[in-house]
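When you read off a place in the sequence shown, starting at 1, and then add 537, the result is the number in the numbering used here.
Idealized CB from N, CA, C, for every residue including glycine.
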Amino acid sequence: MLLGTLLVLLLAGAAPASAHAALRASDPEDGSVVRTAPTHITLTFTESVGLLEDSFRIYGPDNRRVHMEEPEHAAGAADTARAALPRDLDEGTYTVAWRVVSADSHPVSGAFTFSIGKPSPTPPAAPQDHAEHPVTKSLYDTGRHLAYIAAALLIGTAAFAALCRPPDTGPLRAPLLFGWWTLLVTTAALLVLRSPYEKGTSPATALDVSAFPDTLSGRPGMALLARVLLLLAAALLLPVLRHRTLRTRVTAGAAFSVGLALTWASAEHASAGIQVPVAMTSSVLHLLAMAAWLGGLTALLLTLHRAKTPPPYDTVARFSRLAFTSVTVLVLTGAYQSWRGLGSWSALTGTAYGRTLAVKLAATVFLLLAAALSRRWTALLARPAVAGERVPALVGASGGPPPEPRTTHVTTAPPEAVGPEAVHRRALRRSVLAEVVVAVAVLLVTTVLTGTLPSRAEAEAAKAPAPQVAGLPGAQALTVPYDTGTPGGSGTVQLTMDPGRVGENGLQAVVFGPQGALSFVPELRVTFTLPSKDVGPIDAGLTDRGGYWATNDLTLPLEGAWTMKLTVRVSDIDQVTVERGVRIGR
C-alpha cells in the first residue's frame, strides 16, 4: 500500500522521457540546394540506432510521397540510417521525415528539407509534431517505472532472505510473489506496447501480430523477451532449488539477478555512447546494488513489523553490512555514470539531465542520513539486555516442618533493561520506514533519469549544422460518432489521415464502443468524394490489421472540400453510414 501510494504521487510529477539519440548530420544537409538529385538520404546520429520499416518518408514539391527502398545502415555503421532515392526526382524542395529507435530503446523522430536545382516557389508547410502517441507513451513510461520497482523488490527481498537469514521468512513471501508477478506482467505489457511505442501509434495497434517480428528483431524487444524467459525459468526452477544447499541457492539467485540486470543494461544508456563494456558492467552493478539496498530495506521493514519472532541482532547487522557494501558500489558506479552522462560540470545545472541528476544526488544524501540513523539504532540493539532473575531457594532443618519459602534476589542488571531494547527496536522501525520512503523517491528519480537525454549526447547534437524539426508532415485527426439504433451499436471511430494533403495518404481508423472500450467490428469502409469536381467515390481500401483498420495507398488527386463517407457494420444486418467534410490542401 505504501509503495503504491508513493508511486501514484511521484509519477504525477515525473518528467516525460526524452529520446536519447540525436541527429548529428544529414546528407543532403537541411536547407541545402543540390545541383543534381542525390542517390541516397543518409543520417548520422550521436549513437547507434535501430531502423523501422517506415523510418523514412519523403514528400516531393507537389506534397506527394516519394516511394523509397527499405532503409539500412550506411556501410555497416550502426549510428547511421540510409535509404536509396529514385533517379527521376523533379526539381524543387523535398521534405524528409524520419523516425528511428535509439540504442537505449527510445524512439526519436525529426524532419528537414533540401532542394534539387532550386527551391520551390512555395516552401513546404512546417511539419507538425505528432511523433509520439500520448496514451501509448504514458502506458509505456508507467510500465518502465513499475518494472524498476518490481525488480528492486524481487532481487532485494531474495538477497535479504538468503544473505541476512531472518529466522521467520513468512513476511517475505508476499513481496517476492508481488515483485515476480508485477515484473512479469509489466515486462509482457512493455513487449506488447513496444511496436506502437516505436512507431508513435495508438495502443490499439499493439494487437497487430504482424509487427512482432520487427519488435523481436530489435535490441529492446530482445531484452524484454529475455526478461520474460528469465522470470518463467526462475518460477520453474524454484521448487528444485528449495532442496539444494544454501550456497547453491545463493549462486543461482545471483546468476538470475545478473541476468535480469543485463536486460536493462543492454537496452538503455549503457548500451550506447563511449566505453560500452565498462558502462554495461557498471550499470549491472549499479542496478544490483540499488536492488539489494532498497529492496532489502522493504524486506527488513516487513520483517520488523510482521515477523512472529523479532529479527535478532545478527540479522539486522548482516543487512547493515550488505547495505554498506551496496552504498559503496552505488557511489563508485554512480560517479562513473554521472561523468559519462554529463561530460562537463556546467551540464549539472545547464541541462535537463544534469538537473535531474542533481535531484537524485540530493535525495540520495537524505537516504544516507536515514541509513546512518538506522545503523545507530542497530548498534544500540547490539548491547545485550539482561533482565534480573528471581531464583527461589528452600532453606529448612531436617526432621521438622518445612519453613515458609524464602526468595533470594540475584540481580545482574537493572529490571528496566528490557525497556530500552523495545524503544530501540521501535526507533529502528521508524528509521527504516523513512529509508523506504526516500528510497522509493530515489528509485523513481532514477527511472526519470534513464528517460532523459544525457548531457554529453545533447552537447554532441548541438554541433549539428542545422536545427531539427520534430515530427512528420501535418496529419488530420477526426473523431466520428456512429449509431446503428440497436443495443450496443453506437460508439466513435477515430481516424488519422497522414499527411492529409493532395497525393498519397495513409489512413488509420480505430473503433470504440458505447462505453469507450476498444470495439471489433466485422467491416469498416471509408470513401471520399469531391462534389465540386465530380470526382469519386474513391474507396480507401481499409483492411483489418488486428484491432485497427488501415491503408497506406489512399490517393486524393485534387485539393478541395471532400466528403468522407464512413460505413460501420456492427453485425450481419446492422450497419450505418456517416458523412463528414474533409478539407484537402496542397
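Residue range Glu1060 to Leu1067 is occupied by the beta strand (DSSP E) that includes Phe1065, with no alpha helix (DSSP H) assigned at that position.
The shortest C-alpha to C-alpha distance from Ser820 to any of Ser803, Gly833, Val603 and Thr835 is the one to Ser803. Closest in alpha carbon position to Phe715, among Ala689, Leu589, Cys701 and Thr738, is Ala689.
Under the three-pair Cβ rule at 8 Å, the segment 737-747 counts as touching the segment 673-687. For Ile1110, there is no enclosing alpha helix (DSSP H), as DSSP gives it neither H nor E.
Distance from the Cα of Ser732 is smallest, within the candidate group Leu753, Leu713, Leu721 and Ala620, for Leu753.
Under the three-state reduction of DSSP, Gly758 is assigned to helix. Phe793 is the residue among Phe793, Ser569, Asp1111 and Ala816 whose C-alpha sits nearest the C-alpha of Ala695. Residues of the same chain with a CB within less than 6 Å of the CB of Ala789, apart from the 5 flanking positions on each side, are Leu778 in chain order. The three-state reading of DSSP puts Phe649 in strand, counting E and B together. Beta-bridge annotation (DSSP): Val571 is paired with Ile653. Annotated three-state conformation of Met817 is helix, per DSSP. Approximately 7 Å separates the beta-carbon atoms of Thr1066 and Val1072; this is inside 8 Å, confirming the contact.
Annotation: Leu769 to Arg710 spans about 17 Å, alpha carbon to alpha carbon.
Classified as buried, Asn600 has 16 or more neighbouring CB atoms from the shown chains inside 10 Å of its CB.
It is roughly 14 Å from the alpha-carbon of Val1107 to the alpha-carbon of Val1047.
In the structure shown, Ala618 adopts extended strand secondary structure according to DSSP, grouped into three states.
Secondary structure at Thr738: coil, using DSSP grouped into helix, strand and coil. Closest option to Gly1025, judged by alpha-carbon separation, among Thr1033, Val1058 and Asp1035: Val1058.
DSSP places Ser794 in no beta strand (DSSP E) but in the uninterrupted alpha helix (DSSP H) bounded by Leu783 to Ala802.
The C-alpha of Glu1060 lies about 11 Å from the C-alpha of Leu1103. Rounded to whole angstroms, the separation of the alpha carbons of Arg858 and Thr865 is 11 Å.
Per DSSP, the unbroken alpha helix (DSSP H) holding His842 starts and ends at Gly833 to Arg843. Straight-line measurement puts the Cα of Leu683 at about 26 Å from the Cα of Arg786. Annotation: Pro1074 is outside any alpha helix (DSSP H); the continuous beta strand (DSSP E) that includes it extends over Val1072 to Asp1076. By alpha-carbon distance to Ser646, the top candidate from Asp625, Glu628 and His670 is His670.
Boundaries of the beta strand (DSSP E) around Leu580: His577 to Phe582. C-alpha of Ser657 to C-alpha of Thr630: approximately 5 Å in a straight line. Remark: C-beta atoms of Val765 and Leu721 approach each other more closely than 8 Å. Close CB contacts of Ser863 within its chain, under the 6 Å cut and outside five residues either way in sequence, are with Ala826, Ala829 and Trp830 (chain order). With respect to Ala726, Gly758 sits apart: the two C-beta atoms are not nearer than 8 Å. Of the other Cβ atoms in all chains shown, 16 or more fall within 10 Å of the Cβ of Lys736; this residue is therefore buried.
Closest by C-alpha distance to Ser1069, out of Val1030, Gly1118 and Leu773, is Gly1118. Straight-line spacing of the CA atoms in Val1030 and Ala1087 works out to 12 Å. By the C-beta density criterion, Ser875 is buried, having at least 16 other C-beta atoms within 10 angstroms.
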